[in-house]
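Okay, structure first, notes after.
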Amino acid sequence: MTVEERILDAEQKLAPMFDEIDRIALFNQEKVLNAFREERIALRHFMASTGYGYGDEGRESLGKVYAHAFGAERAIVSPSILSGTHALTVALFGVLRPGNRVLCISGVPYDTLRGVVWGKGNGSLADFGITFETVPLDDFGKIDLSAVRKALQSGSYDMVYLQRSRGYELRDSFTIEEISEACHCVRDCGFTGCIFVDNCYGEFVETREPTQVGADLIVGSLIKNPGGGLAPTGGYIAGKASYIAMCENRLTAPSVGGEVGSYAYGYQLFYQGFFLAPHVVAQALKGALLIGQCMAELGYQNYPSIDRLPPDITRAVRFDTEKQLTDFIQSVQDVSPVDSFVKLEAWDMPGYDCKVIMAAGTFNSGASIELSADAPIREPYVAYFQGGLTYEHCKLAVREILKKLLA
């Protein structure tokens, strides 16, 4: 069977799921369109602002559009937020106070957040006397609800934290239904504090967001799903108004909160990217399914299972050796529109405890809504493939990857 025949066969098998992805994209596109219409977005909202940014309609209305689309009371959307980890840090330090306790119910959090919560002498939560405890996942990589109940009944906590994506773990990410079940479990235990969800890689994958099923705060990066491939930087925090006000005081200063914040380059790309995001996410999901189907038929273990819709835009592919892993990552770089000629090397990226190799031939540096792949250089050797602004680009990438693997 030729590479082209393999891809055509995979597409035919995936057709029902592709149709479902299109249905979800249509639902989410209407949701975003209605948010723009409800907030009466006009050309003036795209204009730049400088200095303090008092009365910046673009900044204020962008937050309202996000809140409306995500079913939240309020939202912060800011180019001053540098990454997903930064957005999470702003929200954690905004809501938490010295002596508070956090219970993370999704196992150990993503690598770059570990220094934020457990670092020593670097301004971490631990340095401020805030404890961050974890409940391990069960043997199937799912939230252990019985262990969560036991922890909540045996101790007093101020925040329950949940990471939606798998991070660098070899397991499935969590669906909205699983997040909903976890939120209801937490509330049934009498917990009245903040339920906080790291929503990175999950926006617009399903028809609901965690704020619509019980979460008080969700956080994400604009160079992932909600930026639609156009937002050049930034992050968002959305949820209950009382918590958003606390986060605004940490993002700026307690005396000014959300009243300040300018952006001298204008907001058009942020609005336009958010409008395109449901479609772009659908393209990335189809690309992730295509590579998953093709890799599975070649005998490569990959997550999530290809017989169901992915819970986020990432796909984990397991390899036997470091060379197989790095060759796969290099293959993604080779088919990038930017820096396709670059030969990749693993390096000590900030926030990680081992070397990381990353293919990111992207228009916006490091944007994982664009076609990219990365992996920690450690066993098990797992590559994380994500993004794709167009399905066609994903398909071309899969074709080239298969050619190299079959050769």
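When the sequence shown is numbered by numbering that gives the first Met the number 0, its final residue is 406 and no position is left out of the sequence of numbers. Just so you know, even glycine gets a beta-carbon here, dropped at the ideal spot from N, CA and C.
Contact belief for residue i with residue j at Cβ below 8 Å, rounded distance in angstroms
i	j	result
Tyr262	Arg58	7 Å
Leu395	Val334	6 Å
Val107	Phe131	10 Å between Cβ atoms; not a contact.
Ala345	Ile305	Not a contact, Cβ separation roughly 28 Å.
Gln28	His278	7 Å
Sequence-distant residues of its chain with Cβ nearer than 7 Å to residue i (five each side left out)
i	result
Cys188	Arg148, Leu151, Gln152
Arg43	Glu56
Pro231	Leu268, Asn363
Tyr264	Ala47
Met348	Val355
Cys353	Pro375, Ile376, Arg377
Whether residue i touches residue j by CB criterion (8 Å)
i	j	result
Leu61	Tyr266	yes
Gly200	Asp311	Reading the sequence as shown, one finds Tyr at residue 200 and not Gly. Taking 8 Å as the Cβ cut-off, Tyr200 and Asp311 qualify as a contacting pair.
Asp157	Leu95	yes
Pro410	Gly233	No answer is possible for residue 410: it lies beyond the span of the chain, which begins at 0 and ends at 406.
Val212	Ile243	no
Tyr351	Ile40	no
Leu250	Ile20	no
Leu405	Leu13	no
Val159	Leu216	no
Phe203	Val316	no
Thr206	Ala237	no
Arg314	Ile6	no
Gln282	Thr191	no
Phe195	Ala90	yes
Val218	Leu25	no
Arg73	Ala240	yes
Cys182	Ala214	yes
Ser105	Leu161	yes
Val259	Gly93	no
Leu144	Cys184	yes
Spatial neighbours of residue i in its chain, beta-carbon cut-off 8 Å, leaving aside the 5 residues before and after
i	result
Phe318	Tyr299, Leu324, Phe327, Tyr380, Val381, Ala382
Met0	Asp8
Lys119	Ala125, Asp126
Ala366	Ile222, Lys223, Gly226, Gly228, Ala359, Gly386
Gly114	Asn121, Ser123, Gly350
Validate contact between the stretch 328-344 and the stretch 353-364 using beta carbons, cut 8 Å, 3 pairs: yes
Runs of alpha helix (DSSP H) wholly within the stretch 252-331 (minimum 4 residues, chain order): 267-296
4-residue-minimum alpha helix (DSSP H) runs that sit fully inside the stretch 123-201, ordered along the chain: 144-153, 175-187
Cβ contact (3+ pairs, closer than 8 Å) linking the stretch 27-39 and the stretch 61-71: yes
The stretch 119-127 touching the stretch 166-180, judged by at least three CB pairs closer than 8 Å: no
contact_flag[the stretch 233-253, the stretch 78-91] where n(CB pairs < 8 Å) is 3 or more: yes
Uninterrupted alpha helix (DSSP H) stretches inside the stretch 320-396 (no shorter than 4 residues): 321-333
Length-filtered (4 minimum) alpha helix (DSSP H) runs lying within the stretch 58-118: 83-94, 110-117
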